[in-house]
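**Q**
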Amino acid sequence: MVFPERFSNLPEYAFPRLRTLLDSHAPGGEPFAMTIGEPTHPFPPFVTDVIAENAAGFNRYPPNDGAPELLASIAGWIERRYNVALPSSQIMTVNGSREGLYNAAMALCPESKNGVPVVLIPNPFYQVYGIGAISVNAESVYVSAERETGYMPNYAGLEPETLRRTALAYICSPSNPQGAVASRAYWKELITLAEKFDFQILADECYSEIYRVDAPVGVLQVAAEMGADPERVVIFHSLSKRSNLPGLRSGFIAGGPETMARLSLLRAYSGAPLPLPLQMAAAKVWDDEAHVVANRKLYAEKFDIADEIFDGIENYESPEAGFFLWLPVEDGEAAALKLWRDTGVRVLPGAYLSRDINGHNPGQGYIRVALVAPKEEVRAGLKKIRNCIYSEG
Numbered sequence: 001m002v003f004p005e006r007f008s009n010l011p012e013y014a015f016p017r018l019r020t021l022l023d024s025h026a027p028g029g030e031p032f033a034m035t036i037g038e039p040t041h042p043f044p045p046f047v048t049d050v051i052a053e054n055a056a057g058f059n060r061y062p063p064n065d066g067a068p069e070l071l072a073s074i075a076g077w078i079e080r081r082y083n084v085a086l087p088s089s090q091i092m093t094v095n096g097s098r099e100g101l102y103n104a105a106m107a108l109c110p111e112s113k114n115g116v117p118v119v120l121i122p123n124p125f126y127q128v129y130g131i132g133a134i135s136v137n138a139e140s141v142y143v144s145a146e147r148e149t150g151y152m153p154n155y156a157g158l159e160p161e162t163l164r165r166t167a168l169a170y171i172c173s174p175s176n177p178q179g180a181v182a183s184r185a186y187w188k189e190l191i192t193l194a195e196k197f198d199f200q201i202l203a204d205e206c207y208s209e210i211y212r213v214d215a216p217v218g219v220l221q222v223a224a225e226m227g228a229d230p231e232r233v234v235i236f237h238s239l240s241k242r243s244n245l246p247g248l249r250s251g252f253i254a255g256g257p258e259t260m261a262r263l264s265l266l267r268a269y270s271g272a273p274l275p276l277p278l279q280m281a282a283a284k285v286w287d288d289e290a291h292v293v294a295n296r297k298l299y300a301e302k303f304d305i306a307d308e309i310f311d312g313i314e315n316y317e318s319p320e321a322g323f324f325l326w327l328p329v330e331d332g333e334a335a336a337l338k339l340w341r342d343t344g345v346r347v348l349p350g351a352y353l354s355r356d357i358n359g360h361n362p363g364q365g366y367i368r369v370a371l372v373a374p375k376e377e378v379r380a381g382l383k384k385i386r387n388c389i390y391s392e393g
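Residue 1 is where the sequence shown starts when you use the UniProt record's numbering, and the numbers rise one by one after that.
(1) Is the beta carbon of residue 174 closer than 9 angstroms to that of residue 211?
(2) Between residue 35 and chain B, is there a C-beta pair that is closer than 9 angstroms?
(3) What is the DSSP secondary structure of residue 295, reduced to helix, strand or coil?
(4) Residue 37: buried (16+ other C-beta within 10 angstroms of its C-beta) or exposed?
(5) Just confirm the distance between the C-beta atoms of residue 179 and residue 320, as a whole number of angstroms; I'd bet it's less than 8 angstroms.
(6) Which term fits residue 322, buried or exposed, when burial requires 16 or more other beta carbons within 10 angstroms of its beta carbon?
(7) Three or more C-beta pairs under 8 angstroms: does that hold for the region 294-301 against the region 93-112?
(8) Please look up how many angstroms separate the CB atoms of residue 21 and residue 35, rounded, as I've assumed it's under 8 angstroms.
(9) Give me the Cβ distance between residue 116 and residue 165, rounded to the nearest whole Å; I'm assuming they're in contact under 8 angstroms.
(10) Taking the C-alpha atoms as reference points, what is the distance between residue 289 and residue 257?
(11) Under 8 angstroms by Cβ, that's how I've got residue 107 and residue 88 pegged, so tell me the actual separation to the nearest angstrom.
(12) Measuring CB to CB, does residue 377 end up less than 9 angstroms from residue 351?
(13) Quick one: using the 10 Å Cβ neighbour count with 16 as the cut-off for buried, is residue 30 buried or exposed?
(14) In whole angstroms, what separates the C-alpha of residue 393 from that of residue 338?
(15) Taking the alpha-carbon positions, what's the residue 411 to residue 248 distance?
(16) With contact counted as at least three CB pairs below 8 angstroms, one residue from each stretch, are the region 230-238 and the region 187-202 in contact?
(17) Taking the alpha-carbon positions, what's the residue 255 to residue 160 distance?
(18) Work out the CA separation of residue 83 and residue 327 for me, nearest whole Å.
(19) From the DSSP secondary-structure annotation, give me the bridge partner or partners of residue 360.
(20) Would you call the region 239-253 and the region 114-131 touching, i.e. three or more CB-CB distances under 8 angstroms?
(21) Look at the Cβ atom of residue 243, then the Cβ atom of residue 44, and state whether they are nearer than 9 angstroms.
If you want it as structure tokens, here you go:
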């Protein structure tokens with residue numbers, strides 16, 4: 001089978017690349033993966049009870065856009081969290097945020113906008129952003145999100161000719177992998193730019209509930225405060241990180257009425273709604289904040305450990321949010337290989353999450369380290385990283 005030509009430029013996914021780099025070498029100790037951002041903290045104990053209580057729902061086709069109970073719970077959470085009241089018609093459930101982030105490009109990107117449409121993508125990036133742009137024949141414009149820009153892409157610095165063709169702008173806050181948070185001022189500037197050049201902001205906020213001190217401001221609340229066009233922003237959330245339920249595959253999209261109508265129409269043909277018992281469980285999880293607070297505390301403890309271990313390391317920055325460390329090294333691939341061969345600790349080279357643009361890859365000098373394991377295992381892994389990679393420093 002021959003794939004369309006536009007897919008020929010698709011970079012290899014990060015984890016197959018990592019296996020190619022490491023798996024022909026023996027680990028230098030007990031293997032310990034700090035690569036994948038798969039939460040391992042306990043999920044709310046009531047989840048299995050709710051699924052069992054609603055098991056008869058497996059005998060019915062579930063509503064495509066979400067059960068009324070789940071949509072009401074999500075609407076309540078949005079209002080509590082962001083002080084924005086949305087009707088259920090402006091919310092749609094999806095099987096995790098990845099499905100929504102891809103479908104948004106399919107449903108919302110026009111075939112033309114002053115020529116070939118542009119999709120803006122932060123660099124480093126979640127790879128579904130790139131495949132979404134490729135799938136709709138848009139031009140992907142990767143914008144570096146580095147230390148000099150606060151690890152947020154400076155879309156406002158792009159040429160007007162590019163912005164006039166821009167249809168969609170992906171943004172992740174808190175960001176993966178750097179753990180940076182878009183400030184209120186950043187959101188205001190981006191929304192103003194989107195209003196001026198008539199594009200939509202696709203805000204991936206799946207790490208919004210894992211933060212150190214202050215809850216990250218959301219784009220939806222800033223847009224509402226500004227009185228922006230309700231079609232201007234689309235938000236994406238899930239229970240995977242917030243509630244340690246990646247296997248539940250429960251997320252949502254929220255946006256303006258026209259946006260949601262287009263997404264709903266696409267999902268009517270291509271979507272696979274979550275089974276009703278799982279939707280009922282998700283509704284209860286969105287209603288509960290106690291487990292979220294406890295989860296956040298566990299991550300905070302691990303970040304405190306990281307700050308202690310990497311104290312004094314040049315250019316080490318303690319992230320504001322998320323559950324990754326973005327550690328500076330001379331070369332990410334070389335550091336990952338050395339760690340594996342010398343200690344058995346497995347990390348991800350930053351370049352595997354980034355794109356080479358004009359000979360520069362903003363992830364080249366980093367490794368990404370996931371802090372999802374139990375605290376003492378994380379401590380041991382971080383100590384090995386410190387001793388192996390930074391011992392000469």
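Even for Gly, the Cβ is constructed at its ideal location relative to N, Cα and C.
**A** So, from the data block:
(1) Looking up residue 211 in the sequence shown gives position 211. Looking up residue 174 in the sequence shown gives position 174. A contact, by the Cβ cut-off of 9 angstroms.
(2) Of the protein chains in this structure there is only one, and it is not chain B.
(3) The residue given as residue 295 occupies position 295 in the sequence shown. Per DSSP, reduced to three states, the secondary structure at residue 295 is helical.
(4) Here residue 37 is taken as the residue at index 37 of the sequence shown, counted from 1. Buried, since its Cβ has 16 or more Cβ neighbours within 10 Å.
(5) As a first step, residue 179 is located in the sequence shown; it is residue number 179 there, counting from the start. As a first step, residue 320 is located in the sequence shown; it is residue number 320 there, counting from the start. Contact holds; Cβ gap of about 6 angstroms.
(6) By 1-based counting over the sequence shown, the position of residue 322 is 322. Residue environment: residue 322 is assigned as buried (16 or more neighbouring CB atoms within 10 Å of its CB, all protein chains considered).
(7) Contact fails: fewer than three Cβ-Cβ distances are below 8 angstroms.
(8) Counting from 1 along the sequence shown, the entry for residue 21 is found at position 21. Counting from 1 along the sequence shown, the entry for residue 35 is found at position 35. That belief does not hold up - the Cβ atoms of residue 21 and residue 35 are roughly 11 angstroms apart, past 8 angstroms.
(9) Here the question's residue 116 lines up with position 116 in the sequence shown. Here the question's residue 165 lines up with position 165 in the sequence shown. The C-beta distance from residue 116 to residue 165 rounds to 7 angstroms, short enough to fall under 8 angstroms.
(10) The count along the sequence shown starts at 1 and reaches residue 289 at position 289. The count along the sequence shown starts at 1 and reaches residue 257 at position 257. Approximately 28 angstroms, taken between the alpha carbons.
(11) Position 107 of the sequence shown, counting from 1, holds the residue named residue 107. Position 88 of the sequence shown, counting from 1, holds the residue named residue 88. No, residue 107 and residue 88 are not in contact; Cβ-Cβ is about 19 angstroms, not under 8 angstroms.
(12) Along the sequence shown, read from residue 1 onward, the residue named residue 377 stands at position 377. Along the sequence shown, read from residue 1 onward, the residue named residue 351 stands at position 351. Going by C-beta atoms, residue 377 is not nearer than 9 angstroms to residue 351.
(13) Residue mapping note: residue 30 aligns to position 30 of the sequence shown, counting from 1. Result: exposed.
(14) Numbered from 1 along the sequence shown, position 393 holds the residue referred to as residue 393. Numbered from 1 along the sequence shown, position 338 holds the residue referred to as residue 338. Its pLDDT being 48, under 50, residue 393 is placed unreliably in this model, and the coordinates cannot settle the point.
(15) Only positions 1 to 393 of the chain appear in this structure, which leaves residue 411 out of reach.
(16) By the C-beta criterion, the region 230-238 is judged to be in contact with the region 187-202, since at least 3 inter-stretch pairs fall below 8 angstroms.
(17) In the sequence shown, counting from the first residue as 1, residue 255 sits at position 255. In the sequence shown, counting from the first residue as 1, residue 160 sits at position 160. Each residue's alpha carbon lies about 26 angstroms from the other.
(18) Counting from one through the sequence shown, the residue named residue 327 turns up at place 327. Counting from one through the sequence shown, the residue named residue 83 turns up at place 83. Taking the Cα positions, residue 327 is about 35 angstroms away from residue 83.
(19) Mapped onto the sequence shown, residue 360 falls at position 360. According to DSSP, which records beta bridges pairwise, residue 360 is partnered with 357.
(20) In short, these stretches do not touch, since the Cβ pair count stays below three.
(21) Along the sequence shown, read from residue 1 onward, the residue named residue 243 stands at position 243. Along the sequence shown, read from residue 1 onward, the residue named residue 44 stands at position 44. Against a cut-off of 9 angstroms, the Cβ pair of residue 44 and residue 243 comes out as a contact.
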